[in-house]
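Colleague:
Chains as they are written, first to last, in the numbering used here: chain H, 4 to 129; chain X, 4 to 129.
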């Protein structure tokens, strides 16, 4: 697994991960919860919380810095999709958190949001 | 302080907090870092991280559930502002995280994003 992570972080891996989401997302072996023109929402393959959903753009966007006006619809879809998932999974009473890691905190070179809920270590109370 | 927090959570307090950001934001005693038509960015008055910035809409929006299409510009401003702050404060090398707490995790009844960086307990690695 470390090898795969190292590869994903390499320049070639970065291009591949982005390309997969842009062109091959129909083949990704993920449990899709919601899909829009611009994003896929699916369960995290290694969840850190009782509810741990990833929201990933269907085009190669390495990180927050690379977002441009052409990604506005994707960003708005993140919030519309979150609203839907919160309703479907009744997350409001549980409490939920939408997280975007970036810069040195980001491990995979494809922009992604985490929607987490249901306990676990949420870190300092922010 | 507990009294103030309890008040802020009450129906009357909720209206007041939202109203303050909508109509009296020029008077808010905060250290503004960036301002757009739709939001204010300022240092958290009780930071939990070396860098801890709040991004708050300049209108009353209680929580993520209440976001409508009329708030699209605010949401896009959150990301544009984050990009600016990341550049000004050189947060990319430090690593940073954009967080939205909601439902039972949200303490103050005015929607707000946290931009945190520079260590502290960031919780489980998500």
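Where a beta carbon is used, it is the ideal one built from N, C-alpha and C, also for glycine.
Quick one: complete beta strand (DSSP E) runs, 3+ long, within the segment 17-42 of chain X?
Modeller: Counting only runs of 3 or more, we get 35-38.
Colleague: Which partner residues of residue 131 of chain H appear in the DSSP bridge assignment?
Modeller: With chain H covering only 4 through 129, there is no way to say anything about residue 131 of chain H.
Colleague: For the alpha helix (DSSP H) containing residue 114 of chain H, list its first residue and its last residue.
Modeller: Element bounds for residue 114 of chain H: n/a, residue is neither H nor E.
Colleague: Flag this pair as yes or no: are the beta carbons of residue 115 of chain H and residue 59 of chain H separated by less than 8 Å?
Modeller: In contact: residue 115 of chain H and residue 59 of chain H (Cβ atoms closer than 8 Å).
Colleague: Can you check whether the CB of residue 41 of chain X is closer than 8 Å to the CB of residue 96 of chain X?
Modeller: Result no, Cβ atoms of residue 96 of chain X and residue 41 of chain X do not sit closer than 8 Å.
Colleague: What are the boundary residues of the alpha helix (DSSP H) that includes residue 79 of chain H?
Modeller: Its alpha helix (DSSP H) spans residues 75-91.
Colleague: So, with DSSP's three-state summary, where would you put residue 44 of chain H?
Modeller: If DSSP states are grouped into helix, strand and coil, residue 44 of chain H belongs with the strands.
Colleague: Strictly below 7 Å CB to CB, what residues from chain H border residue 98 of chain X?
Modeller: 106, 107 and 108, listed in chain order.
Colleague: Consider the Cβ of residue 77 of chain H: report whether some Cβ of chain X lies at a distance smaller than 8 Å.
Modeller: Taking Cβ atoms only, chain X never reaches closer than 8 Å to residue 77 of chain H, which makes this a no.
Colleague: Tell me which residues share the same chain as residue 25 of chain X and place their Cβ nearer than 8 Å to its Cβ, disregarding the 5 neighbours each side in the sequence.
Modeller: Closer than 8 Å at Cβ, skipping near neighbours: 61, 62 and 63.
Colleague: Compute the Euclidean distance between the alpha carbons of residue 82 of chain H and residue 30 of chain X, then round it to the nearest angstrom.
Modeller: Rounded to the nearest angstrom, the two C-alpha atoms are 30 Å apart.
Colleague: Is the Cβ of residue 68 of chain X closer than 8 Å to any Cβ of chain H?
Modeller: True, the Cβ-Cβ gap to chain H drops below 8 Å.
Colleague: Would you give the residue range spanned by the beta strand (DSSP E) that residue 60 of chain X belongs to?
Modeller: Looking at the DSSP string, the run of the beta strand (DSSP E) that includes residue 60 of chain X is 54-60.
Colleague: Let's test the definition: count the other Cβ atoms within 10 Å of the Cβ of residue 72 of chain X and tell me whether it reaches 16, buried, or not, exposed.
Modeller: With fewer than 16 Cβ atoms within 10 Å of its Cβ, residue 72 of chain X is classed as exposed.
Colleague: With 16 as the cutoff for other CB atoms within 10 Å, does residue 35 of chain X come out buried or exposed?
Modeller: With fewer than 16 other Cβ atoms within 10 Å, it is exposed.
Colleague: What distance in whole Å lies between the Cβ atoms of residue 52 of chain H and residue 98 of chain H, which are believed to be in contact at a cut-off of 8 Å?
Modeller: That pair is no contact at about 11 Å.
Colleague: Would you mind sorting residue 91 of chain X into buried or exposed? The rule is 16 or more other CB atoms within 10 Å of its CB.
Modeller: Looking at its Cβ environment, which holds fewer than 16 other Cβ atoms inside 10 Å, residue 91 of chain X is exposed.
Colleague: For residue 39 of chain X, which of X/86, X/89, X/48 and X/77 has the nearest alpha-carbon?
Modeller: Here the closest residue by C-alpha is X/77.
Colleague: On the three-state DSSP scale, how would you describe residue 120 of chain X?
Modeller: The answer is strand: DSSP assigns residue 120 of chain X an E or B state.
Colleague: Going by the C-beta, is residue 29 of chain X closer than 7 Å to any heavy atom of the ligand HEM?
Modeller: By its list of ligands, the structure shown contains no ligand whatsoever, and the ligand HEM lies outside what it can speak to.
Colleague: Which residue wins for smallest C-alpha separation from residue 104 of chain X, given the options H/75, H/118, H/70 and H/27?
Modeller: Comparing Cα-Cα distances from residue 104 of chain X to each of H/75, H/118, H/70 and H/27, the minimum goes to H/118.
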